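Novice: All you need for the working numbering is the position in the first sequence, starting with 1, plus 265.
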Amino acid sequence: MAYWLFKSEPDTWGWDAQVARGDKGEQWDGVRNYQARNNMRAMKLGDLGFFYHSNQGKEIVGIVEVCAEAHPDSTTDDPRWECVDIRAVKPLPHPVSLDDCKADPRLRDMVLVNNSRLSVQRVTEEEWKIVCKMGGL
DNA sequence: GCCAACGTTGGC
DNA sequence: GCCAACGTTGGC
Numbered sequence: 266m267a268y269w270l271f272k273s274e275p276d277t278w279g280w281d282a283q284v285a286r287g288d289k290g291e292q293w294d295g296v297r298n299y300q301a302r303n304n305m306r307a308m309k310l311g312d313l314g315f316f317y318h319s320n321q322g323k324e325i326v327g328i329v330e331v332c333a334e335a336h337p338d339s340t341t342d343d344p345r346w347e348c349v350d351i352r353a354v355k356p357l358p359h360p361v362s363l364d365d366c367k368a369d370p371r372l373r374d375m376v377l378v379n380n381s382r383l384s385v386q387r388v389t390e391e392e393w394k395i396v397c398k399m400g401g402l
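(1) Where does the unbroken beta strand (DSSP E) through Gln386 begin, and where does it stop?
(2) On the CB-based measure, 16 or more other CB atoms within 10 Å of its CB, does Tyr268 come out buried or exposed?
(3) Can you give me the start and stop residues for the alpha helix (DSSP H) that Ala333 sits inside?
(4) So the beta strand (DSSP E) Val354 belongs to, where does it begin and stop?
(5) Which residue from Ala282, Lys323 and Gly327 puts its Cα closest to that of Lys398?
(6) Taking a contact to mean a Cβ-Cβ separation below 8 Å, would you say Lys272 touches Ser362 in this structure?
(7) Am I right that Asp293 and His318 are in contact with their C-beta atoms under 8 Å? What's the rounded C-beta distance?
(8) Whole angstroms is fine: what's the gap from Ser339's alpha carbon to Leu270's?
(9) Between the alpha carbons of Arg297 and Val349, how many angstroms are there, rounded?
(10) For the candidate residues Pro360, Asp288 and Trp346, whose alpha-carbon lies nearest to that of Arg302?
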């Protein structure tokens with residue numbers, strides 16, 4: 266079991282939209298970055314991830330689950346790009362903001378804190394537990 | 001809306 | 001294969 270973090274601008278595709286897709290989930294398309302794609306290729310069915318709102322809110326708002334492993338991105342003909350499908354699992358009772366993460370020395374090495382531009386990130390098990398606790402789970 | 005950081009592209 | 005130029009992202 267691995268843990269991940271998905272970033273999206275709420276204007277384009279927010280948590281509410283993700284929840285509205287229900288258990289069918291939605292393909293996480295549009296990623297055009299090798300690091301992010303490699304992360305998605307490494308994902309296994311049932312892996313969990315945080316859903317992060319960039320720009321507006323700048324906070325982790327919910328938990329998602331990988332419900333389809335990497336497959337070609339249907340929004341492009343370029344065979345280089347693949348994506349996974351994710352479905353909403355549950356919201357965080359208390360969203361965890363970027364500031365909260367920066368303020369906690371245990372999260373100093375979190376990708377979100379160090380390389381905020383990467384849109385699909387790896388989260389360690391320790392970071393996962395810390396953020397879950399901060400989020401009220 | 002600005003700008004720094006980063007990734008990608010393309011000329012050499 | 002290097003590196004300058006460019007485009008994009010995202011925090012502020």
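All C-beta atoms, glycine included, are put in the ideal place defined by N, C-alpha and C. Predicted, not measured: the structure shown is a model, and the values here were computed from it.
Specialist: Considering the structure as presented:
(1) Val385 to Val388
(2) buried
(3) Premise fails: Ala333 lies in the beta strand (DSSP E), Glu324 to Pro337, not in any alpha helix (DSSP H).
(4) Glu347 to Ser362
(5) Gly327
(6) no
(7) First, the residue type needs correcting, since residue 293 is Trp and not Asp in the sequence shown. Contact doesn't hold; Cβ gap of about 15 Å is too wide.
(8) 22 Å
(9) 13 Å
(10) Trp346
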